[in-house]
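These notes concern the structure reproduced below.
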Amino acid sequence: MRINSHSKNRQASIAVKLVLPSIFCVLFCLAIASAQSAANDTIKKFKAPLEYFEAPNELQVKSYLEGAEALPQGDGLILLRDAKLQTFQTNGTPDMTMTAPQCFFNMKDQSVNSAGPFQMWTSDNALLQEGVGFFWQKTNSELIISNRVQTTVRGRMTNSIVP
Amino acid sequence: MKYFHLVCLIVVAVALALKAQTSSTSLLVETNTAPVVRTNVPTEIRPTEINSRAAQFYMKSNVFVYVGDVHVDNPQMQLWCERLTLEAPKLEHGEKFNRGTAETNVVIDFVTGTAPNLTTNHAVSDKAVYTSIITNILPLPAQLWQTSSIVVLTGNPVVTNNQGVTRMDPIIWDRIADVISSTNFKGMDINPQQTNNNSTFFETPTAKPGKAGAPK
Chain A
5 MRINSHSKNR QASIAVKLVL PSIFCVLFCL AIASAQSAAN DTIKKFKAPL
55 EYFEAPNELQ VKSYLEGAEA LPQGDGLILL RDAKLQTFQT NGTPDMTMTA
105 PQCFFNMKDQ SVNSAGPFQM WTSDNALLQE GVGFFWQKTN SELIISNRVQ
155 TTVRGRMTNS IVP
Chain B
9 MKYFHLVCLI VVAVALALKA QTSSTSLLVE TNTAPVVRTN VPTEIRPTEI
59 NSRAAQFYMK SNVFVYVGDV HVDNPQMQLW CERLTLEAPK LEHGEKFNRG
109 TAETNVVIDF VTGTAPNLTT NHAVSDKAVY TSIITNILPL PAQLWQTSSI
159 VVLTGNPVVT NNQGVTRMDP IIWDRIADVI SSTNFKGMDI NPQQTNNNST
209 FFETPTAKPG KAGAPK
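If you read the sequences in order, they're chains A and B. Mapping of the first sequence onto the working numbering: residues 5 to 167, in sequence order. Mapping of the second sequence onto the working numbering: residues 9 to 224, in sequence order.
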C-alpha cells in the first residue's frame, strides 16, 4: 500500500512538472500569436469616404479621411498615422484639408480627434488654422480646438476690413 | 550688288521694326504698371493672425469662436479680448454679411486718418461689435450695392488718442461716413496741447505773404 501511494505521488509530481511548463508554453505561444495578429491588423494607406452630399449630388463625396497607417484599437476606434481629412464642395473641388501626425477615428459617431498638433487650411490658402488637440464631428461639421489656437488669414480677407 | 543692297535694306528694316516693337512693348508695360493710389488701403499688407487658448468652429454656418487670451494682429488694428465670435455666413448673389463680436476686457488699438496724418486710438470696453454688410437693395437682376461698416463699442467704452479721452456709451463709429456718434455722451477730456490751440475747433489762419505784407 505504501509503495502504491508513493508511486501515485511520484506520478502526480511528474504530471505537474510536465503540465505546468506545457501550459506556460501554450500561453506564451498564444501571446506571440495574438501580438503577431495585432501587427498584421495594421492597414496601410487607409482611405474612407465619411459623408456624401444629399440628392442631387449624392455621388459626390463631402468628407474623406486618409491615413498612411491605421491600427484598429477595438470598440470602433482606429488609430491613424499621418492622417488627412478633406472636405469637398458639391462640384468636387476641395474645400478644406486637415492634417495630423496621429489621430483617432471613431467609427461609431464618425468623429476624429487627437491630443497632438494639427494643421488645417482652405483650398485657396486664405485661411490657415493650427493648434494642439482637436475634435471634429462629421454630423454637424464642428471643429473644436483645445489648445494653442493660431489662425492666419491671407489675401483679400486680411484687408476686407477696409470699407 | 543689287542683291547685296536689297539684303542690307531688309536687314535694316527688320531691325527697325524689332526696335519699334520693343519700345512700344516697354511703353505698354510702363503704362500698365503705373501705381494706383488708394488712400484708405493699409500701407502694410500682411496676413491677419488670430491667437487664442481654445476655439470652436462651426463649419456649416461659418461661425468661428475663439476663447481665452484672444489676440488679433491685423495691419490696421490690434485687438485683445477673452472671447471673439466671427460670423461669415455663405450668402448668395454676391451679398456679404460679416460680424465680429469681441467680449470681456476688450482692448483695441487702431489707426485712423490717411498718411501722413495718422492718429493712433486706444479703445477699451466690455464689448465691441464690428458689422460689415454688402447688400443689393434692388430686386434681381437689377443691382445697386449698398455697403455698411459699423463698429459699436458698449460697456463703459473709453477712447484715448492724441486729442484727449472720450467717454460715450455706446460709441457708434460709421466707418464709411467716418462719423462717430452716441446717444449717451458722458464726457471728453481734451489734452492741454489741444485746448490751448484754437485749431481744434477753428481753422488755423494761414498767412498769405502776397497779400498780408502788400502795401495798399
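Virtual Cβ for every residue (Gly too), placed ideally from N, Cα, C.
Item, Value
"Compute every distance between the C-beta of Q154(B) and the non-hydrogen atoms of the ligand GTP, then say whether any falls below 7 Å.", "The model depicted lacks the ligand GTP and carries no ligand whatsoever."
"Mind listing, in chain order, the continuous beta strand (DSSP E) runs of no fewer than 3 residues lying wholly within the segment 57-98 of chain B?", "62-66, 71-81 and 85-95"
"Decide yes or no for the touch test of the segment 161-180 of chain B against the segment 110-129 of chain B: beta carbon pairs closer than 8 Å, at least 3 of them.", "yes"
"Are the C-beta of F105(B) and some C-beta of chain A separated by less than 8 Å?", "no"
"Using Cβ-Cβ distances below 7 Å, what residues of the segment 63-74 of chain B are close to chain A?", "A63, Q64, F65, Y66, M67, K68 and Y74"
"Going by beta carbon distance, what residues of the same chain come within less than 8 Å of L146(B), once the five residues before and after it are set aside?", "L152"
"Check whether the Cβ atoms of R61(B) and G76(B) sit closer than 8 Å, and answer yes or no.", "yes"
"Could you tell me the alpha carbon to alpha carbon distance between Q141(A) and D99(A), rounded to whole angstroms?", "16 Å"
"Identify every residue that forms a DSSP beta bridge with N151(A).", "V136(A)"
"Classify S157(B) as buried or exposed, calling it buried when 16 or more other Cβ atoms lie within 10 Å of its own Cβ.", "buried"
"What are the boundary residues of the beta strand (DSSP E) that includes N106(B)?", "K104 to T120"
"Taking only three categories from DSSP, how would you classify R158(A)?", "coil"
"Can you pull the chain B neighbours of V153(A), defined as C-beta to C-beta under 8 Å?", "I58, N59, S60, R61, A62, A63 and Y74"
"Counting only C-beta atoms, is L54(A) closer than 8 Å to chain B at any point?", "no"
"Taking 8 Å as the CB-CB limit, is I149(A) close to chain E?", "Looking for chain E here will not work: the only protein chains present are A and B."
"What does the alpha-carbon distance come out to for the pair L83(A) and P76(A)?", "6 Å"
"The beta strand (DSSP E) spanning Q154(B) covers which residue range?", "W153 to T162"
"May I ask which residues mark the beginning and end of the beta strand (DSSP E) holding Q77(A)?", "V65 to G78"
"Relative to the C-alpha of E90(B), which residue among D186(B), Y74(B) and L161(B) is closest?", "Y74(B)"
"According to DSSP, is Q106(A) helix, strand or coil?", "strand"
"Can you tell me whether V114(B) is buried or exposed, with buried defined as 16 or more other CB within 10 angstroms of its CB?", "buried"
"At the level of alpha carbons, what is the spacing between V153(A) and E134(A)?", "6 Å"
"Does the CB of R85(A) have a neighbour CB from chain B at under 8 Å?", "no"
"Name the two residues that bound the continuous beta strand (DSSP E) containing M111(A).", "First-last for M111(A): undefined, no H or E at that position."
"Under the DSSP definition of a beta bridge, which residues are partnered with N123(A)?", "Just to set this straight, residue 123(A) is Gln in the shown sequence, not Asn. DSSP, once it has assigned bridges, lists T103(A) and E134(A) as partnering Q123(A)."
"Do you know how far the Cα of V65(A) is from the Cα of T139(B)?", "34 Å"
"Give the secondary structure of P53(A) by DSSP, where H, G and I count as helix, E and B as strand, and everything else as coil.", "strand"
"Reducing DSSP to helix, strand and coil, say where P200(B) ends up.", "helix"
"So with Cβ pairs under 8 Å, would you call P230(B) a contact of chain A?", "Past the boundaries of the shown model lies residue 230(B); chain B is included only from 9 to 224, so the question cannot be answered."
"Looking at L54(A): is its Cβ nearer than 8 Å to the Cβ of L69(A)?", "yes"
"Ignore the nearest five residues each way along the sequence and tell me which others in W88(B)'s own chain have a CB closer than 6 Å to its CB.", "H79 and V115"
"Use the C-beta contact count for A123(B): other C-beta atoms within 10 angstroms, 16 or more gives buried, fewer gives exposed.", "exposed"
"Which stretch, first to last residue, makes up the beta strand (DSSP E) that contains H130(B)?", "T127 to N144"
"Going by the CB atoms, is the gap between T109(B) and S133(B) shorter than 8 Å?", "no"
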